[in-house]
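Sequential numbering from -1 applies to the sequence shown in the working numbering.
Heads up, the thing below is written out as structure tokens.
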Amino acid sequence: MPRTKVLAASDLVQDQATRVVVDDVPIALVLDSNGEIHAIGDTCSHGQISLSEGFVEGDTLECWAHGSAFSLATGVPQNLPAYEPVPVYVVEIEDGDVYIDPSVTKEIEQ
Ligand code: FES
């Protein structure tokens, strides 16, 4: 599947999540405080909650419903009740635009 241009990097607000849907896959994009852009699955692995409605806390995105904080780097929840990771997608930046191919997830070493 080809990658899709999702938005301009300048549309992202630091330490806030932005929800995008690429090929029916909901994804939360986060510009962290180091200026790095992360893309993780937007649906909490504990319930049908959009993670991008939650809070960026350091290097995690926290679900507002029950407080599980998912690592932006690995998708792994750092605390219960969620225990399954969400996918992490490869982000490419080109000419200031953010591209994602939702069929390509990062290989994470657990
Ligand atoms: S729905 Fe996200 S932690 Fe429960």
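Positions of the beta carbon are idealized from the N, C-alpha and C atoms, including for glycine.
Let's test the definition: count the other Cβ atoms within 10 Å of the Cβ of Leu78 and tell me whether it reaches 16, buried, or not, exposed.
Leu78 comes out exposed.
Contact the region 7 to 17 vs the region 43 to 62: 3+ CB pairs below 8 Å:
Flag = yes, the region 7 to 17 and the region 43 to 62 touch.
For a test of the three-state rule: what should DSSP assign to Ser50, helix, strand or coil?
Helix at Ser50.
Mapping DSSP to helix, strand and coil, what is Ser69?
Ser69: strand per DSSP, three-state reduction.
Does the beta-carbon of Ile38, which I'm using as the reference point, lie nearer than 7 Å to any heavy atom of ligand 1?
Result no, Cβ not under 7 Å from ligand 1.
Between Gly73 and Val86, how many whole angstroms is the CB-CB distance? I'm expecting something under 8 Å.
For a cut-off of 8 Å, the C-beta gap from Gly73 to Val86 is around 4 Å, short enough to register as a contact.
Does the beta-carbon of Ala15, which I'm using as the reference point, lie nearer than 7 Å to any heavy atom of ligand 1?
No.
Please confirm whether Ile25 and Ile91 have their CB atoms less than 8 Å apart.
No; because the gap between Cβ atoms is not below 8 Å, this pair is not in contact.
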